[in-house]
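The next block holds one structure in the form of structure tokens; read it before the comments.
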Amino acid sequence: MATNIEVLRTTGKVELPEGLTFPRTVRVKISGDVDDELLPFDGDAVLRFQHGRLEVSSLTVRQLPDGPPIQGERLRQIHRVLAQTVSHILQPIPLLKPGPGLPLLSVFAGWEDVKSIIKDGPTDDALRLVASAYRLSYVVGDPPARSVQKLLGIPRSTTGRWIMLARKRGFLGPTEERKAGEEV
Numbered sequence: 237m238a239t240n241i242e243v244l245r246t247t248g249k250v251e252l253p254e255g256l257t258f259p260r261t262v263r264v265k266i267s268g269d270v271d272d273e274l275l276p277f278d279g280d281a282v283l284r285f286q287h288g289r290l291e292v293s294s295l296t297v298r299q300l301p302d303g304p305p306i307q308g309e310r311l312r313q314i315h316r317v318l319a320q321t322v323s324h325i326l327q328p329i330p331l332l333k334p335g336p337g338l339p340l341l342s343v344f345a346g347w348e349d350v351k352s353i354i355k356d357g358p359t360d361d362a363l364r365l366v367a368s369a370y371r372l373s374y375v376v377g378d379p380p381a382r383s384v385q386k387l388l389g390i391p392r393s394t395t396g397r398w399i400m401l402a403r404k405r406g407f408l409g410p411t412e413e414r415k416a417g418e419e420v
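Now the structure itself:
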């Protein structure tokens, strides 16, 4: 059995640019697996969209029969639960193929082939991808610039330049403390 995250209830709606939509509040049920290093427990969580991010506002975890004890180290990794949850609640954008350390930056429908989008340099389509990946990373608590770099497979300096260009061309708002580059 694999870990499963089931969305039990959503309320409200927050719209981000590029047609991305998030519920304002989402309640999830976590059905863990003793063999899952990340989530070897069951639980329930409530996530709220606050300060431009999905934040865990309530979390209850239960040790599985024959499961390892619940430790703070695993609880600190809860942002991965956020990423999995976001991949379940993004509609109609399907989860395509996340890689290790890249929990949901491959969720863009029609953008399966990132290399073909970025091959011509910082075009509008490429910068829209940069902006959306940046925002999604911020929403789930991953480092935005590093996530964009991993998604695109480009050097850090190029990533920074493309993020700056996305801002200049209006795909990302100005830099603000604790915000994902957008007007909220």
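So the number in this note's numbering is just where the residue sits in the sequence shown, counting from 1, plus 236.
Glycine included, C-beta positions come from ideal geometry on N, C-alpha and C.
Under the three-state reduction of DSSP output, Ala238 falls in the coil class, being neither helix nor strand. Straight-line spacing of the CA atoms in Ala238 and Arg405 works out to 43 Å.
Here DSSP, grouped into helix, strand and coil, assigns Arg310 to helix. When DSSP assignments are scanned along the stretch 261–316, the uninterrupted stretches of alpha helix (DSSP H) that are 4 or more residues long and fall wholly within it turn out to be 308–312. For Leu244, the three-state secondary structure derived from DSSP is strand. The three-state reading of DSSP puts Thr257 in strand, counting E and B together. Under the three-pair Cβ rule at 8 Å, the stretch 261–279 does not count as touching the stretch 350–358.
Under a 10 Å Cβ-count criterion, Thr395 is classified as buried, with 16 or more other Cβ atoms of the shown protein chains found around its own Cβ. Secondary-structure assignment with DSSP links Val250 through a beta bridge to Phe258. DSSP, read as helix, strand or coil, puts Thr411 in coil. Taken in chain order, the whole alpha helix (DSSP H) runs of length 4 or more contained in the stretch 342–412 are 350–354, 360–376, 380–388 and 392–404. Contact annotation: Phe407 and Ala367 have beta-carbon atoms nearer than 8 Å. The Cβ neighbour count for Leu372, taken over all protein chains shown within 10 Å, is at least 16; the residue is labelled buried.
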